[in-house]
Each structure stands twice: as C-alpha cells, then as structure tokens.
Amino acid sequence: MKPLRHVLLLMLLLCASLGCTAGEVVVVVSAKSTVSRLSQDEVIDIFLGRHREYPGGQAAIPIDQPKGSYTRGEFYRLLTNKTLSEINAYWARLHFSGKASPPRQAEKPADVLVHVLESTSGIGYIDQDQLDARFRVVLKLPP
Amino acid sequence: MMKRLPSTKIQGVFGLCLGLLLVSNSQGQTPDLPASPELLKIRGFGTLGLARSSSDNAEYVRDLSQPQGLTTNWSAKIDSVLGVQANLSMGEHTEAVIQALSRYRYNGSYGPEISWAFIRHDFTPDFQVRAGRLGTEFYMLADSRLIGYSNLTIRPPPDFFVPLVFSNFDGADLSIGSKFASGLLRFKLFYGRSPESTPFYGPVSWNLQGSRLHGGHLDYFSGPWQFRISHSIVRFSSEEIPLNALVAPYFSPFPAPDITTLFPELSTIGKTATFDSAGVIYDDGPLRLQAMYGRIRHESRSYQDSWSAFAIASYRFGDFRPYLGYSTVKSAQQALSSPIPPPLVAVVNQMQEIPHMDRHTITLGTRWDFQENLALKAQLDLVRGPSQAMMSFRGANMEWNGRMQVFSLSLDFAF
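Keeping their order, the protein sequence lines are chains A and B.
Every number in our numbering is 4 more than the matching position in the first sequence, counting from 1.
Every number in our numbering is 109 more than the matching position in the second sequence, counting from 1.
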C-alpha cells in the first residue's frame, strides 16, 4: 500500500504544479434557457455591467465564483486579459460613482451552479469538469 | 468670510436617505429570481497621499477647489481622501446610495461632506434614472477622480482638471444605452444645482450654491475602445464673483469701487461657462492609452477662455504598471470692450492677467498592485510654464519662475 500512496502523492503534486485544476473555463446558462451562444464581447458586456441583456432582450444576471477562486482569476484573464486587481479597480470606479454593481459573488463554487439553474436569466462560469446536462455552454474560454 | 454648506441642506440629504432606509424595509424581492443579493452594502475607498514640490514661490494644487497647495515640505493635504458608501437595494431595479467623503476642502477644513446621495431606478437594463446628489461628469472619468484606487495616476492631470471646481450637484440624470454597430452607445443627460463653494482669493471663498449645471455626454464602447464627447454648461447664480476682495489692496486705505458695477462684463451673475470635451481610451490587456481634449468658454470676462489636452500611456509588467503622460492648458486674454478710466487701467489690466493659464506637464510614475484592493503609486511631475501664468497655482509670488517638480507617493485602497 505504501508505494501506491507515494505514487498518488507524487501525481497530486505533479497535477498541482501543472495546473490540473485549470481545465477549460466555460460560460454557462441553464439548459432551459433559449440562449444558445454568446460572443466574447457579449459576455464581457454582461460581466462588466455594460449591457446586462441577452441578444433576445431578456435580462442577464451574472454571478462570480468565490473570492480567491482559481477559476475566477482564469475567467477574467481569458475573457478580458486583465488581472483581478484591474477588475477590482474597474468595479471600484463604477461602484463609487453610483453606476453598475459587480456581479453577485458566490460564497462557494456550488452557489454558481444553483444560481444558473434557478432562473433562465442566470449566467455563470465554471470549470469544464463541472458540466452536466442541466447546463448549456454559451462560450468556451480555452486556456 | 468663509461660508460653510448650510447644515440644514446636509440634514435634508441625511433625512432623505434615512427615509429610503425605512421605505426599503417594506419592499420585497421578486420571488422567481435567483437568490437576492445582500440588501445593504457598506464599502469605502481612500488615498493616503504624500507630496511636495520643488518651489516655495507658487503652491501646486490638485484643482482650484483647494485653497492652498504644496510647498517644498511633504504634505498629505492635496491627495488624501477617505470615503464611505452605503448601497441599499430597494427591490430588483431600485437602489439608494449615500456616500460621505472627507478631503481637503475649499475652506481649508476636512469636514465630511455628502458627495453622493441618490436613488437609482433601472427601468430596463439600458435605461436608468438617478435623482438626488450626484457627481459631476463634465469629462470622461471625472465623477471618479477622487477614487485613487480606480485611477492610474495619483491625481487626474491637473493641467486638464485644475479649472474644474464642481464636484457634485443636486438634481437628476438619465442614461440610455443601446447596441450600435459592433459596440454599445450610451447617452446621458443631467440637470441640477450646485451645492458648493470654491476658494477665491486668500481666505475669501465664492459661494456657487444654486448655480445651474446641465449637459450631457455620448459614450461609445467597442472592444478595447471607448470614446466620449461631452458638453456641460454652468450658469452662475446670484452671488457675484468676489472681485472686490481682489482689488481692495490696490485702493487701501480707501474703499475700493464696486468693480463689477463699473465693468458689467466682469460680472458672473447669470453668465455661463461652457465645458466641451472629447476623449478616447484604448485598453487592451497590458496596454492602456488615454487622451482627452477640452475647451472652456466663459461669458464673463473675469475668466479667460481656455483649452487643454492630455495623453497618458501605460503598460503592465506583472503587478507594476508604469506610465508616462503629457498635459497642457492655455488660456487667451480677452480685452474689455468698455473704456477703462485712466486711474483704473493698471488695476484692471492686472486683474485681467490673473486668470491666465499657460502650463504643460510631463508625468512619469508607476502603480504597483501589491495586494488585493491596495495599490502604491510613485509619481514625478515636471511642470513648466511662463511665470506670469499664475491661475493654475495658489499663492504665486514675484519670485516664481514658472517651473517646478512635484514628487508624489500614494497608497490607494478600497474596502
């Protein structure tokens, strides 16, 4: 049993160093939604509060992964080529000048799934590994 | 001589917000929507800034709302700010916001002021109306110029912002957005009255309360590009510009004549100042470029028409974002059309030179995002101009040669 444990530990370490947790980040809505695809600019508009509407005119309600989550940093980096500090500075400007507010922030990753499934307005981003038939991918952000 | 904001007005704004808090408790959230966001959010921002200049012959200010500026001693006066904001959700589409701010003010105090207090209602995601006390947005990013954490440089380019003494107004604005071509178009209109005063000369301040502010702007966002054109008008209220305080020393020990009665062109009552600007931002990952052009036209001959421009380039390297900027402001003197009686020629000529602006600045610095919601900045400004162009400084004396360096450090935060 001991060698197996060592191999597992080694695999885990390798995995962590290679960033195995960093699968493809996918932007999802509920499978019941009529939205089939979104462009990168449309997702930017929704998550940066510029235009929170789907192409058909329905309101879009985004949710962010929890503070400190790896997926969150990856999502903004891949979507906007911005660091989280820059995203925070962007929101500080809008928040303290009384304009749009940032997306609601999930307390745990599972909250994102609940939010997206709860209403056809909801939109979130998750690691591809978390996908199942209840969700529809509207944009893929390859690493 | 100094005037404070009437406390009744502040109490009124507080009362309004307290009322909002009470009303909001009776409002529920729409049940079929995802879990409601928190009802009350309290957040804040601030800057601890330290700066000094290389000259004691003229004081460098952030803008002309500051009665005194920097000398060769390090000072936290001109850039330090602390703000606290409460956002109260009043249902799915309505929000009440109040923001209190402490900064160096027109009367030399740091007394807290209510910088924002309004209700916002989103009729659709693209059509919103706000009413209450709002920040002025004469220029792109102007309504967030005190939020150091959201800005690249320690202060907005003073050559551009120095004449802008209006921070907020009591009134309303409406904003309409729409998809257009490959981007987003947004149009905003505002109307209101100024609740502010501004320092004028020495300890004398000028009460601008009641002055009417209105205007609008058009934004276009497309990919990394953002464009804006804006047009704003201030119509000065019934308190005359305190020019008499300025001319009094020339006549001392005799009483000075009422200069705005003698020369009605100098009067500001009912006259307008028009602010026009065009700006562009290119923001693509590590590279960020920003440029703006502005023009101010005055009906009153107490001020000179001016134009200003700036450009800033920055590039991100890891957590550092160094920047390089250039800005300039110039104004043109306009002679009075009415004849000046010989004994007054010297005084009037000198008075007409006071509002002259002619200056350019090279800015070098870096922002360092060393921790979440914390940024350190260091900046050097090389300010150059003819010595007789004193308007953009405070307390310039005869030794002033028109050149100075400004050294600045800041810690900006948001919480």
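Virtual Cβ for every residue (Gly too), placed ideally from N, Cα, C.
Nearest by alpha-carbon distance to residue i: which of the options is it?
| i | options | result |
| --- | --- | --- |
| Ile228(B) | Ala205(B), Ile368(B), Thr470(B) and Ser163(B) | Ala205(B) |
| Leu148(B) | Ser105(A), Ile48(A) and Lys112(A) | Ser105(A) |
| Gly324(B) | Ser284(B), Tyr310(B) and Trp315(B) | Ser284(B) |
| Pro304(B) | Tyr359(B), Leu355(B) and Leu243(B) | Leu243(B) |
| Ser174(B) | Thr181(B), Leu491(B), Asn182(B) and Lys186(B) | Lys186(B) |
| Asp49(A) | Gly27(A), Thr84(A) and Gly60(A) | Thr84(A) |
| Leu491(B) | Val456(B), Leu433(B), Phe522(B) and Val457(B) | Leu433(B) |
| Arg410(B) | Ala422(B), Ile368(B) and Gly388(B) | Ile368(B) |
| Ser218(B) | Thr245(B), Thr383(B), Ser306(B) and Gln514(B) | Ser306(B) |
| Val271(B) | Arg476(B), Val170(B) and Val456(B) | Val170(B) |
| Phe524(B) | Ile65(A), Gln62(A), Asp115(A) and Ala93(A) | Ala93(A) |
| Gly126(A) | Leu98(A), Ala110(A) and Pro147(A) | Ala110(A) |
| Asp136(A) | Thr38(A), Gln69(A), Leu117(A) and Thr124(A) | Leu117(A) |
| Pro333(B) | Thr75(A), Leu52(A) and Arg108(A) | Leu52(A) |
| Thr381(B) | Leu518(B), Leu210(B), Trp183(B) and Leu317(B) | Leu317(B) |
| Asn182(B) | Ala387(B), Thr245(B) and Glu168(B) | Glu168(B) |
| Leu98(A) | Asp172(B), Asp252(B), Leu159(B) and Pro176(B) | Asp252(B) |
| Arg295(B) | Tyr329(B), Ala505(B) and Ser447(B) | Tyr329(B) |
| Ala69(B) | Asp414(B), Pro452(B), Arg212(B) and Pro176(B) | Only positions 110 to 524 of chain B appear in the structure, and residue 69(B) is not among them; the question remains open. |
| Asn216(B) | Pro451(B), Pro452(B), Tyr310(B) and Pro366(B) | Tyr310(B) |
| Glu408(B) | Asp428(B), Ala290(B), Trp416(B) and Thr377(B) | Thr377(B) |
Ordered along the chain, which non-local residues of its own chain (more than five positions away) have a Cβ less than 6 Å from that of residue i?
| i | result |
| --- | --- |
| Phe79(A) | Val29 and Tyr129 |
| Asp279(B) | Arg242, Gly301, Arg302 and Pro304 |
| Asp385(B) | His340 and Arg404 |
| Arg140(A) | Val33 and Ala35 |
| Leu42(A) | Val142 and Leu143 |
| Asp521(B) | Thr156, Gly257, Tyr258 and Ala484 |
| Arg56(A) | Ile50 and Ala64 |
| Val238(B) | His230 and Leu283 |
| Asn510(B) | Ser496 |
| Val456(B) | Val356 and Tyr359 |
| Thr470(B) | Asp268, Ser436, Asp490 and Val492 |
| Asn166(B) | Asn506, Glu508 and Trp509 |
So, with DSSP's three-state summary, where would you put residue i?
| i | result |
| --- | --- |
| Ile368(B) | helix |
| Val170(B) | coil |
| Arg81(A) | helix |
| Pro66(A) | strand |
| Asp235(B) | coil |
| Asp165(B) | coil |
| Gln194(B) | strand |
| Ser34(A) | strand |
| Tyr402(B) | strand |
| Asn316(B) | strand |
| Ser75(A) | Inspection of the sequence shows that residue 75(A) is occupied by Thr rather than by Ser. In this structure, Thr75(A) counts as helix in the three-state DSSP scheme. |
| Glu46(A) | helix |
| Leu375(B) | helix |
| Asp525(B) | With chain B represented from 110 up to 524, any question about residue 525(B) goes unanswered, as that position is not in the structure. |
| Leu255(B) | coil |
For the alpha helix (DSSP H) containing residue i, list its first residue and its last residue.
| i | result |
| --- | --- |
| Met460(B) | Val454 to Glu462 |
| Asp392(B) | Run containing Asp392(B): none in the alpha helix (DSSP H); it sits in the beta strand (DSSP E), Thr381 to Asp393. |
| Val438(B) | First-last for Val438(B): Phe429 to Ala441, but that is the beta strand (DSSP E), not the alpha helix (DSSP H). |
| Asp268(B) | Pro267 to Phe270 |
Looking at the secondary structure, which residues open and close the beta strand (DSSP E) in which residue i lies?
| i | result |
| --- | --- |
| Gly324(B) | Arg321 to Ser331 |
| Ile471(B) | Asp467 to Gln480 |
| Ser415(B) | Asp414 to Tyr424 |
| Glu90(A) | That residue, Glu90(A), is in no beta strand (DSSP E); its alpha helix (DSSP H) goes Leu88 to Phe100. |
| Leu294(B) | Gly292 to Arg302 |
| Glu408(B) | Segment: none, Glu408(B) is in no beta strand (DSSP E) and carries neither H nor E. |
| Glu204(B) | Thr203 to Arg212 |
| Leu145(A) | Phe139 to Leu145 |
How about residue i and residue j: are their beta carbons less than 8 Å apart?
| i | j | result |
| --- | --- | --- |
| Arg161(B) | Phe516(B) | yes |
| Arg152(B) | Gln194(B) | yes |
| Met466(B) | Ser496(B) | no |
| Met460(B) | Val356(B) | yes |
| Lys288(B) | His326(B) | no |
| Leu82(A) | Pro147(A) | yes |
| Gly379(B) | Phe345(B) | yes |
| Met401(B) | Phe269(B) | yes |
| Gln335(B) | Ile390(B) | yes |
| Ala387(B) | Ile338(B) | yes |
Just to check, is the beta-carbon of residue i closer than 7 Å to a non-hydrogen atom of the ligand SAM?
| i | result |
| --- | --- |
| Thr181(B) | With respect to the ligand SAM, the structure shown offers nothing to examine, as it has no ligands at all. |
Identify, in the order they occur along the chain, each residue of the same chain with its Cβ nearer than 7 Å to the Cβ of residue i, setting aside the five sequence neighbours on each side.
| i | result |
| --- | --- |
| Asn196(B) | Lys150, Glu204 and Val206 |
| Ser423(B) | Leu261, Arg397, Arg430, Pro431 and Tyr432 |
| Leu142(B) | At Leu142(B) the pLDDT is 43, less than 50, meaning the model places this residue with poor confidence; the figure from the coordinates comes in the next sentence. Hits under 7 Å: Glu201. |
| Leu131(B) | Reliability of the predicted coordinates at Leu131(B) is poor, the pLDDT of 40 falling under 50, and no value is obtained from them. |
Can you name, in chain order, every residue of its own chain whose Cβ lies under 8 Å from the Cβ of residue i, other than the five neighbours on each side?
| i | result |
| --- | --- |
| Gln514(B) | Ser162, Ser163, Leu489, Asp490, Leu491 and Val492 |
| Leu352(B) | Ile368, Thr369, Leu375, Ser411 and Met460 |
(request) Taking only beta carbons into account, state which residues of the stretch 253-264 of chain B come closer than 7 Å to chain E, listed in chain order. (result) Of the protein chains in this structure, namely A and B, none is chain E.
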